[in-house]
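Asks: In full-length UniProt numbering, the protein residues as written are 1 to 191.
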Amino acid sequence: MADGSWYDADIDHVIISEQQIRDKIDELAKQVSTDHTDAVDGILLVCVLKGAVMFMADFARSLGRHGPSTEMEFMAVSSYGQGTTSSGVVRILKDLDRDIAGRHVLVVEDIVDSGLTLSWLMKYLESRSPASVEVVALFRKPDAVKVQVPVRYVGFDIPNEFVVGYGLDFSERYRELPYVGVLKPEVYARS
Ligand code: XMP
Ligand code: MG
Numbered sequence: 001m002a003d004g005s006w007y008d009a010d011i012d013h014v015i016i017s018e019q020q021i022r023d024k025i026d027e028l029a030k031q032v033s034t035d036h037t038d039a040v041d042g043i044l045l046v047c048v049l050k051g052a053v054m055f056m057a058d059f060a061r062s063l064g065r066h067g068p069s070t071e072m073e074f075m076a077v078s079s080y081g082q083g084t085t086s087s088g089v090v091r092i093l094k095d096l097d098r099d100i101a102g103r104h105v106l107v108v109e110d111i112v113d114s115g116l117t118l119s120w121l122m123k124y125l126e127s128r129s130p131a132s133v134e135v136v137a138l139f140r141k142p143d144a145v146k147v148q149v150p151v152r153y154v155g156f157d158i159p160n161e162f163v164v165g166y167g168l169d170f171s172e173r174y175r176e177l178p179y180v181g182v183l184k185p186e187v188y189a190r191s
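#1: Are the beta-carbon atoms belonging to D58 and K184 less than 8 Å from one another?
#2: Quick one: measure Cβ to Cβ for D41 and R103, integer angstroms, because I've assumed they're closer than 8 Å.
#3: How is V97 classed by DSSP in three states: helix, strand or coil?
#4: Output the boundary residues of the beta strand (DSSP E) element that contains F156.
#5: On the criterion of 16 or more Cβ atoms from any shown chain inside 10 Å, does Y174 qualify as buried, or is it exposed?
#6: What do you reckon, are the CB atoms on L45 and E73 nearer than 8 Å?
#7: Short of 6 Å in beta carbon distance, which residues of its chain neighbour L121, apart from the five on each side in sequence? Order them along the chain.
#8: If you follow the alpha helix (DSSP H) that H66 is part of, which residue opens it and which one closes it?
#9: On the premise that G155 lies in contact with A144, defined as a C-beta separation below 8 Å, what is that separation, rounded to the nearest angstrom?
#10: If I measure Cβ to Cβ from M54 and keep anything under 6 Å in the same chain, skipping five residues before and after, which residues do I get?
#11: Heavy atom of ligand 1 less than 7 Å from the Cβ of L183, yes or no?
#12: Taking 7 Å as the cut-off, is the beta-carbon of K94 closer than that to any non-hydrogen atom of ligand 1?
#13: Rounding to the nearest angstrom, what Cα-Cα distance links K130 and P178 in this structure?
#14: Helix, strand or coil for D12 per DSSP?
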């Protein structure tokens with residue numbers, strides 16, 4: 001087999017390496033467990049599909065080594081937007097499978113950009129009477145700082161560029177990359 005992976009030729013530059021992601025997730029998991037020693041029923045992780053799937057898998061395993069027990073829930077939402085910008089109007093494609101009343105909920109998000117999707121989701125989850133709702137986001141873009149979404153845990157602040165990898169896609173591709181990077185301009189031109 002040739003060295004390297006099919007996608008390496010499409011990447012202009014790497015923003016966050018595989019090792020940096022691994023180290024950061026461990027750091028986040030330690031922080032979350034330190035802050036939740038009183039969560040006797042454990043933490044209910046809510047993953048927002050599909051982008052957060054890699055983060056959920058690695059974060060849950062890291063949390064398992066450091067902290068309270070966890071349970072996993074998955075939601076899929078779609079934001080009614082124009083092209084690549086989200087509008088804040090959200091449709092639920094897949095809802096929670098069970099009641100979250102009285103539970104400590106931690107939303108596991110891949111990336112916060114405008115924050116509109118997340119602020120809708122927070123209101124939705126809060127209306128179901130959990131003991132708490134907090135957010136861990138692996139990546140945050142500059143615009144997210146302008147909106148009032150309380151993201152308690154943030155992995156990396158990244159530049160305002162479209163990124164792929166580690167769950168993030170361009171036209172459903174590049175999710176399997178173990179790192180996060182920016183695509184070469186010609187990749188967009190040929191699609
Ligand atoms: P908000 O509502 O915070 O939307 O604007 C966040 C969602 O937008 C997507 N997003 C990206 N997806 N590369 C991607 O593959 C990016 O650089 C990017 N920035 C935002 C993502 O689905 C996220 O949940
Ligand atoms: Mg996407």
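Note that CB positions come from ideal geometry on N, CA and C, so glycine has one too.
Replies: So, to answer that:
#1: no
#2: 6 Å
#3: The displayed chain sequence assigns Asp, not Val, to residue 97. Three-state DSSP puts D97 in coil, outside helix and strand.
#4: The continuous beta strand (DSSP E) containing F156 extends over residues 153-157.
#5: It counts as buried.
#6: yes
#7: Apart from sequence neighbours up to five positions away, no residue of its chain approaches L121 with a beta-carbon distance below 6 Å.
#8: 53-66
#9: That pair is no contact at about 12 Å.
#10: Counting only Cβ-Cβ distances below 6 Å, and skipping sequence neighbours, we find Y166, G167.
#11: no
#12: Not so, every heavy atom of ligand 1 lies at least 7 Å from the Cβ.
#13: Per the sequence shown, residue 130 should be read as Pro rather than Lys. Rounded to whole angstroms, P130 to P178 spans 33 Å at the Cα level.
#14: In the structure shown, D12 sits in a strand (DSSP, three-state: E or B).
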